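A.B. asks: Under this note's numbering, read the sequence shown as residues 1286 to 1603, first letter to last. Glycine included, C-beta positions come from ideal geometry on N, C-alpha and C. Note that the structure is a prediction, hence the values are computed from the model and not measured.
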Amino acid sequence: MTTLGTASAGPGEMDTGRLEVGEARDGSTVGLPCAVINGASDGKTLYMQAASDGDELNGVGVINRVVPQLDPAELSGTILVVGIVNYHAFQVAEHRNPIDDTKMNRAYPGDENGTSSERIAAATFDAATRADLILDLHQGSTSRMIDEVRVRCGRRHRLHDECLQLAKTFGCGYVLDQKGPEGQLARAGPDQGIPTIDPELGGCVGWDETSIEAGVEGVFNVLHDYGFLDGSVTPEPQTRAKGFDQFGSPTGGLVRFQVDLGERVSAGDLLFEVTDVFGELKARVTANNDGVFWRTRRLPQVATGEYVCSVGTNVDAY
Ligand SMILES: [Zn+2]
């Protein structure tokens, strides 16, 4: 039997349940929805989770579509799933856990006696570190972003090559290969010797079917390539950025982008204009470096200094 929370499945079975992480303010039990898919044949263990940031729902959409397609009779190995990590934030459709105003993906590996977020991180990290591979499904929050996969361990980490290979197999087309901030699962996992990636499935409010489909394909690519399912995939070359230029607005007003997401830009190319309410041009902002137009704000209105967009830089293919 393989157990995660109250979900328990023997070989060739699957089960869903709850992974308890304390109580809510009314004293009711908080249990993260979890699943165990136990393959009929032996193999590796994959852990995947979604909604570590409570407003990032595309990952929940991926799990919601992948799990019904899995047949434990055809599976080698085990898949452990936590479908909603940031329980309290998900309830109110916010990014951060409202109980402690913390971003979950800064709380790993967590602390079982710590804050709300640290306890949830500890419980999910316990599950994640039972696996051979970890997928932490994210998105560019509610901004607009390309589908990409993040490798966050840093290029000098002993697991860097394995994480990079996992990102290539997932195969969104773009990879951000840049050491992440302390507390990310995609850093804490490799520190425990487990290849971990952070697929960033677009950016939207609610569900974006195109990015969800990219995530579903990515999960199945991993299941085929790492021997969970029969059949093979040939990983496609990925466009990799190793840096990020972020642009704020030099003035207040309304932003008009002059390039599309995913477009290649050269240093000096016009990225966006800022106009006043009546259409008068106030500012034009150009790229500092060659790269890929990666992410933008969603709303057109900006204050001076407010975030507008990002360009992935130091780009190559692998
Ligand atoms: Zn996120």
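Considering just the uninterrupted stretch of the alpha helix (DSSP H) at Ala-1407, what are its terminal residues?
C.D. replies: Residues 1401 to 1413.
A.B. asks: What number of angstroms, rounded off, separates the C-alpha of Ala-1568 from the C-alpha of Val-1315?
C.D. replies: Between Ala-1568 and Val-1315, the C-alpha separation is close to 49 Å.
A.B. asks: When burial is assigned at 16 or more other CB atoms within 10 Å of the CB, is Ser-1313 buried or exposed?
C.D. replies: By the 10 Å Cβ count, Ser-1313 comes out exposed.
A.B. asks: I'd like the span of the alpha helix (DSSP H) that includes Phe-1542, first residue to last.
C.D. replies: Taken as a continuous stretch (DSSP letters only), Phe-1542 belongs to no alpha helix (DSSP H), being part of the beta strand (DSSP E) at 1538 to 1542.
A.B. asks: Where Gly-1328 and Pro-1296 are concerned, what is the direct C-alpha to C-alpha distance, given to the nearest angstrom?
C.D. replies: Spanning the two alpha carbons is a distance of roughly 11 Å.
A.B. asks: Please classify Thr-1598 as buried or exposed, where buried requires at least 16 neighbouring CB atoms within 10 angstroms.
C.D. replies: By the neighbour-count rule (16 or more Cβ atoms within 10 Å), Thr-1598 is buried.
A.B. asks: Considering Asp-1483, what are the terminal residues of the beta strand (DSSP E) in which it resides?
C.D. replies: Per DSSP, Asp-1483 belongs to the beta strand (DSSP E) from 1481 to 1485.
A.B. asks: Nearest to Val-1370 by alpha carbon, out of Ala-1406, Arg-1391, Gly-1491?
C.D. replies: Nearest of Ala-1406, Arg-1391, Gly-1491 to Val-1370, Cα basis: Ala-1406.
A.B. asks: In terms of DSSP beta bridges, what is Gly-1528 paired with?
C.D. replies: Beta-bridge pairing links Gly-1528 to Thr-1598.
A.B. asks: Who's in the neighbourhood of ligand 1, going by beta-carbon under 5 Å from any heavy atom, listed in chain order?
C.D. replies: Those satisfying the condition are, in chain order, Asp-1338, Glu-1341, His-1423.
A.B. asks: Flag this pair as yes or no: are the beta carbons of His-1509 and Ser-1517 separated by less than 8 Å?
C.D. replies: Yes; because the gap between Cβ atoms is below 8 Å, this pair is in contact.
A.B. asks: Between the alpha carbons of Phe-1542 and Ile-1348, how many angstroms are there, rounded?
C.D. replies: C-alpha separation (whole angstroms): 33 Å.
A.B. asks: Would you call the stretch 1424 to 1436 and the stretch 1394 to 1412 touching, i.e. three or more CB-CB distances under 8 Å?
C.D. replies: Touching, no.
A.B. asks: Can you tell me whether Ala-1473 is helix, strand or coil according to DSSP?
C.D. replies: Looking at Ala-1473 - three-state DSSP - the assignment turns out to be helix.
A.B. asks: For Tyr-1459, decide whether its Cβ has a neighbour in chain B, counting only Cβ atoms nearer than 8 Å.
C.D. replies: The displayed structure is made up of one protein chain only, and chain B is not part of it.
A.B. asks: If we ignore side chains and look at the alpha-carbon of each, how far apart do Thr-1560 and Ser-1428 end up?
C.D. replies: Going by the C-alpha atoms only, they are around 21 Å apart.
A.B. asks: Please confirm if the stretch 1574 to 1593 is in contact with the stretch 1500 to 1508, defined as three or more CB-CB distances below 8 Å between the two stretches.
C.D. replies: Verdict: no, contact absent.
A.B. asks: Please name the residue, chosen from Ile-1419, Gly-1528, Glu-1494, that lies closest to Asp-1476 on a Cα-to-Cα basis.
C.D. replies: Cα-wise, what sits closest to Asp-1476 is Ile-1419.
A.B. asks: Is it the case that the Cβ atoms of Asp-1338 and Lys-1388 are separated by a distance below 8 Å?
C.D. replies: Against a cut-off of 8 Å, the Cβ pair of Lys-1388 and Asp-1338 comes out as a contact.
A.B. asks: Exposed or buried, what is Leu-1555 when buried is set at 16 or more other beta-carbons lying within 10 Å of its beta-carbon?
C.D. replies: The residue in question, Leu-1555, is exposed, as its Cβ has fewer than 16 Cβ neighbours within 10 Å.
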